[in-house]
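Chemist: Under the working numbering, residues 9 to 465 are what the sequence shown spells out, in order.
Beta carbons are placed, not taken as given, at the ideal position from N, Cα and C, and that holds for glycine.
Quick one: this structure, given as structure tokens, is what I'll be asking you about.
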Amino acid sequence: MSKPLKQIHLAAHFPGVNNTTVWSDPRAGSHIEFSSFAHFARTAERARFDFLFLAEGLRLREQGGKIYDLDVVGRPDTFTVLSALAAVTDRLGLTGTINSTFNEPYEVARQFATLDHLSGGRAAWNVVTSWDAFTGENFRRGGFLPEEERYSRAKEFLTTAHELFDSWRGDDIVADPAGGVFLRDAKAGAFVHEGRHFDIHGRFNVPRGPQGRPVIFQAGDSEEGREFAAAEADAIFSRYAALDTGRAFYTDVKSRLAKYGRRHDQLLILPAASFVLADTDAEAEQLAKEVRRLQVSGATALKHLEFVWNRDLSGYDPDGPLPDIDPDVSADHVARGRAQVRMYRDPLATAREWRELAAANNWSIRDLVIETGNRQTFVGSPATVARTINEYVQSDAADGFILVPHLTPGGLDEFADRVVPLLQEQGVFRTEYEGTTLRDHLGLDHPDGAPSEQVAS
Numbered sequence: 009m010s011k012p013l014k015q016i017h018l019a020a021h022f023p024g025v026n027n028t029t030v031w032s033d034p035r036a037g038s039h040i041e042f043s044s045f046a047h048f049a050r051t052a053e054r055a056r057f058d059f060l061f062l063a064e065g066l067r068l069r070e071q072g073g074k075i076y077d078l079d080v081v082g083r084p085d086t087f088t089v090l091s092a093l094a095a096v097t098d099r100l101g102l103t104g105t106i107n108s109t110f111n112e113p114y115e116v117a118r119q120f121a122t123l124d125h126l127s128g129g130r131a132a133w134n135v136v137t138s139w140d141a142f143t144g145e146n147f148r149r150g151g152f153l154p155e156e157e158r159y160s161r162a163k164e165f166l167t168t169a170h171e172l173f174d175s176w177r178g179d180d181i182v183a184d185p186a187g188g189v190f191l192r193d194a195k196a197g198a199f200v201h202e203g204r205h206f207d208i209h210g211r212f213n214v215p216r217g218p219q220g221r222p223v224i225f226q227a228g229d230s231e232e233g234r235e236f237a238a239a240e241a242d243a244i245f246s247r248y249a250a251l252d253t254g255r256a257f258y259t260d261v262k263s264r265l266a267k268y269g270r271r272h273d274q275l276l277i278l279p280a281a282s283f284v285l286a287d288t289d290a291e292a293e294q295l296a297k298e299v300r301r302l303q304v305s306g307a308t309a310l311k312h313l314e315f316v317w318n319r320d321l322s323g324y325d326p327d328g329p330l331p332d333i334d335p336d337v338s339a340d341h342v343a344r345g346r347a348q349v350r351m352y353r354d355p356l357a358t359a360r361e362w363r364e365l366a367a368a369n370n371w372s373i374r375d376l377v378i379e380t381g382n383r384q385t386f387v388g389s390p391a392t393v394a395r396t397i398n399e400y401v402q403s404d405a406a407d408g409f410i411l412v413p414h415l416t417p418g419g420l421d422e423f424a425d426r427v428v429p430l431l432q433e434q435g436v437f438r439t440e441y442e443g444t445t446l447r448d449h450l451g452l453d454h455p456d457g458a459p460s461e462q463v464a465s
């Protein structure tokens, strides 16, 4: 008997502070005005996507002590945007990245419980940590948390939030025929948590939401991050979108579930994926090259090279050869404020590798950054892209993808109109929503153990 086809999960990522968006394109819109968020969300819902994903930035990025003005657009508050989107959508899940290092469990749990009520059970939380004092300078406790303790705090943060969500049971509120409500259990909302990072007690004042708890996402890739996801998360926002690396990551993380008493289907792997569409594969490949060149200006290329060289390279020609000097491996980094400085663990080895590549291919600095940087995941005609996405999911490289268009807010429209119908024809993507909550869309159990559609009904 042949293996049944997996159903593909699709989501849409509205990028924040980034150099993914091609700002020079006249179709590029605001990342601040609500109309952009609304258009993007409505397109995702029209295409029957599982959810919309918002990243979060707690500080504008800097490089060389100056605001990195090549890609700064800022980011409105996540909860405010998601709450507003709940009013203009009906079924689309609403996922927000909220930091566990510079927030408190009570306020975050209250905000997500509220969002779950406002949206009718569509809230999800991407739990992230922050290791750097640079971001922490915006907060009273700036820089207080050693890097090695970030997951310790995150785990206790999530545990505490779950205790708050669970302090209400589904039957704690009873409707009064006269129009009011009363508590069946006088202890509803009461909580006590005593731990290393949090010592709180009181009464949680938001009743249990339609999902019980929001869906939990995790995005870390370290050993600790993978274990945290296997133990606690409902889905992973992965960076492994290529076929071979995706399969390896998928196998590794899924293999960790059993020791936590979890089933294979209780954790979804959803990599971020970009795409370029055209009428033919050849046209799409040419367009993808043009998009990559627009995403990496000469100034951006030099700034990217500084991540490795740890030197001010503003005097170099981006269309010229790579620097012949070696990277500075001192502790203080010129790219302070840029998370990418941690991507290159051995700058000297990376510099040697890049020089060899540039020499072999006659690449300039800008050429190298374009060729070694992130390429579009799916490039081709709608038929090619639909076939490739399905191949990746059926071969267990992913359970679906979180799509990141290079244009917002309209960059998702073509995918919705030309690729989604092909996936639907193949029988691997829904034609209508079957449930009302995000847990329904993702096929996840309710925290109480029952399918969420039964609990929410």
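Check the C-beta distance from Pro455 over to Arg221 and give it rounded, since I have them as a contact under 8 Å.
Modeler: 5 Å
Chemist: Does DSSP put His414 in a helix, in a strand, or in coil?
Modeler: coil
Chemist: Between the alpha carbons of Gly451 and Thr51, how many angstroms are there, rounded?
Modeler: 22 Å
Chemist: Does the segment 157 to 172 come within contact of the segment 243 to 254, defined as at least 3 CB pairs closer than 8 Å?
Modeler: no
Chemist: What I want to know is whether the C-beta of Gly233 ends up closer than 6 Å to one or more non-hydrogen atoms of the ligand FAD.
Modeler: The ligand FAD is not part of the structure shown, which contains no ligands of any sort.
Chemist: Within the same chain, show all residues whose beta-carbon is closer than 7 Å to that of Val428, passing over the 5 residues directly before and after it, in chain order.
Modeler: Scanning its chain for C-beta atoms nearer than 7 Å, with the 5 sequence neighbours on each side dropped, one finds around Val428 the residues Ala55 and Phe437, in chain order.
Chemist: Given Gln432, which residues of its chain have a CB within under 8 Å of its CB, disregarding the five upstream and five downstream residues?
Modeler: For Gln432, where only same-chain residues beyond five positions count, the Cβ hits under 8 Å are Arg438 and Thr439.
Chemist: What number of angstroms, rounded off, separates the C-alpha of Arg447 from the C-alpha of Arg234?
Modeler: 22 Å
Chemist: The alpha helix (DSSP H) spanning Pro113 covers which residue range?
Modeler: The continuous alpha helix (DSSP H) containing Pro113 extends over residues Pro113 to Ser127.
Chemist: Could you pull the start and end residues of the alpha helix (DSSP H) that Gly279 belongs to?
Modeler: Looking at the sequence shown, residue 279 is not Gly but Pro. First-last for Pro279: Leu276 to Ala281, but that is the beta strand (DSSP E), not the alpha helix (DSSP H).
Chemist: Just to confirm the assignment, what range does the alpha helix (DSSP H) spanning Trp317 have?
Modeler: Gly306 to Trp317
Chemist: Quick test of your reading: Thr29 and Thr416, contact by CB under 8 Å. State the CB separation rounded to the nearest angstrom.
Modeler: 6 Å
Chemist: Within this structure, are the beta carbons of Val412 and Pro12 separated by less than 7 Å?
Modeler: no
Chemist: Going by other Cβ atoms of all chains shown within 10 Å of its Cβ, with 16 needed for buried, is Glu145 buried or exposed?
Modeler: exposed
Chemist: Do Val387 and Val284 have their C-beta atoms closer together than 7 Å?
Modeler: Yes, they are a contact pair.
Chemist: Grouping DSSP H, G and I as helix and E and B as strand, with all else coil, what is Gln434?
Modeler: coil
Chemist: Reducing DSSP to helix, strand and coil, say where Trp133 ends up.
Modeler: strand
Chemist: Does the distance from the C-beta atom of Thr103 to that of Ala132 stay below 7 Å?
Modeler: yes
Chemist: Which of helix, strand or coil does DSSP assign to Thr28?
Modeler: coil
Chemist: By the three-class DSSP mapping on this structure, what secondary structure does Thr380 have?
Modeler: helix
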